[in-house]
Amino acid sequence: MAYTFPFAAIVGQDEMKLAILMAAIDPALGGVLVLGDRGTGKSTAVRALARLLPPMKVISACPYQCDPAEPQRCCPACQQALNEGRKPKTHTQPVQVVDLPLGATEDRVVGALDLERALSQGVKAFEPGLLARANRGFLYIDEVNLLEDHLVDLLIDVAASGENVIEREGLSIRHPARFVLVGSGNPEEGELRPQLLDRFGLSVEVKTPEDLSSRVEVVRRREAYERDPAGFCAEWEEDAEKLRRKISGARKRLQAIDIPEQARLRASQLCMALGTDGLRGDMTLLRAARACAALEGHTQVNDKHLRRVAPPALRHRLRRHVLDDTGSTPRIERVLAELMPV
18 MAYTFPFAAI VGQDEMKLAI LMAAIDPALG GVLVLGDRGT GKSTAVRALA
68 RLLPPMKVIS ACPYQCDPAE PQRCCPACQQ ALNEGRKPKT HTQPVQVVDL
118 PLGATEDRVV GALDLERALS QGVKAFEPGL LARANRGFLY IDEVNLLEDH
168 LVDLLIDVAA SGENVIEREG LSIRHPARFV LVGSGNPEEG ELRPQLLDRF
218 GLSVEVKTPE DLSSRVEVVR RREAYERDPA GFCAEWEEDA EKLRRKISGA
268 RKRLQAIDIP EQARLRASQL CMALGTDGLR GDMTLLRAAR ACAALEGHTQ
318 VNDKHLRRVA PPALRHRLRR HVLDDTGSTP RIERVLAELM PV
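Every letter in the sequence shown is one number past the one before it in the working numbering, and letter 264, counting from 1, is 281.
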């Protein structure tokens, strides 16, 4: 059995952990971009979170993990079977975290003709790619800022539509591809294309711990995990179970969270003061605040939630100001202090 470093055992990096939790509670947020130094727990946090999510029910014979409870979001074959009243076999499986390697070909990502069946049986069959495996799970791209342009364009289209369309080699395939997109990278190695940057709902910055006690604790926990993975995970299982219950409760509460008119006004005032382009910032800010309220067990969005989620929801949507060379986070904090003083 493979053991993953427990999410609850990650030291610090509170903004990153909150952003990933919110994206898991409300996948419609649009995913998370994690930028910062190497070795700060970026990939560890994503893989650890997937272990906290409840198993999902899937149609057994489907390569796209279709949900029998949502026929409208199923692939054409599952949709037809469900509409005709046929009851397909189902099973539960863990939520998957699918890695998209930088060197992956387009065929590996979107899927392609199954050459083995074409040569041996003379039939045209589709071999699903990484996007099919990631449906209803997480698609993780390490060093996302180094991803090739043609794959960036492809991901933008799929992320916007929630569907993967393949028209090639005599194949015409359409299947669901709804996933939580998580990207990580070091900004010193290159900037992310604006088109893909805007597709991420949340953007967080992670840094190497600067206080001695935190650094020592990170190393101590990692050594303990590597020495005895099973024992270390068992030690943190109680905390993990608390987080599981918290996530499950937040998902159930999410749609019932009230967003009062005052919160909508606050969100738009903040976005206008910061000069964000379009309305995606307003909508993401409110969605994130709602997910934050659900996570904390509240019934209504308030200023506290908006203040907490404003930096990850807006920092990557700010225009560069030629007369203001401060970073995006200080600009957001300054406007928050003016509009929503504590």
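All C-beta atoms, glycine included, are put in the ideal place defined by N, C-alpha and C.
Per DSSP, reduced to three states, the secondary structure at TYR157 is strand.
The closest CA to that of GLN279, considering only MET357, VAL114, GLY218 and ASP116, is found on MET357.
Exposure of ASP228 is indicated by the presence of fewer than 16 other C-beta atoms within 10 angstroms of its C-beta.
Counted as a single uninterrupted DSSP element, the stretch harbouring LYS74 is not any alpha helix (DSSP H) but the beta strand (DSSP E) occupying residues 73-76.
Straight through space, the alpha carbons of PRO93 and ALA36 are spaced by roughly 33 angstroms. In this structure, the beta-carbon distance from LEU50 to ALA305 does not fall below 8 angstroms. Annotated as proximal: THR225 and ASP54, with beta-carbon spacing under 8 angstroms.
A Cβ-Cβ distance of about 35 angstroms is found for the pair LYS59 and ALA78, leaving them out of contact under the 8 angstroms criterion. Three or more pairs of CB atoms, one per stretch, sit closer than 8 angstroms, so the region 60-73 contacts the region 22-30. The alpha-carbon of LEU302 is positioned some 11 angstroms away from that of ARG334. Nearest in C-alpha terms to PRO347, of all of ALA177, LEU291, ASN319 and ALA194, is LEU291. PHE143: member of the beta strand (DSSP E) spanning 143-145, first to last residue. The alpha helix (DSSP H) runs of length 4 or more contained entirely in the region 247-280 are, from start to end of the chain, 254-270. ASN319 carries a coil assignment under DSSP once its states are collapsed to helix, strand and coil. By the 16-neighbour rule on beta-carbons within 10 angstroms, GLN89 is exposed. Excluding five sequence positions before and after ALA98, the CB atoms of its chain that fall closer than 7 angstroms to its own CB belong to PRO105, given in chain order. Fewer than three beta-carbon pairs drawn from the region 183-200 and the region 292-301 are found closer than 8 angstroms, and the two stretches are therefore not classed as touching. The beta carbon of PHE217 is closer than 8 angstroms to those of GLY47, GLY48, VAL49, LEU50, LEU198, GLY200 and HIS333 in its chain, skipping five residues each way along the sequence.
Cβ neighbours of SER231 within its own chain (closer than 8 angstroms, five residues either side excluded): VAL28 and GLY29. One Cα belongs to PRO44, the other to VAL236, and the distance between them is close to 32 angstroms. The C-beta separation of ARG268 from ILE42 comes to about 6 angstroms, placing the pair in contact by the 8 angstroms criterion. The closest CA to that of PRO204, considering only VAL233, ASN162 and ASP166, is found on ASN162. Ranked by how close their Cα comes to the Cα of LYS74, the residues LEU66, PRO118 and ARG153 have ARG153 in first place.
As a beta-bridge residue in DSSP terms, GLN110 pairs with MET73. Going by DSSP, ASN152 is part of no alpha helix (DSSP H) at all; its letter is neither H nor E. ASN181 sits in a strand when the DSSP states are folded into three classes.
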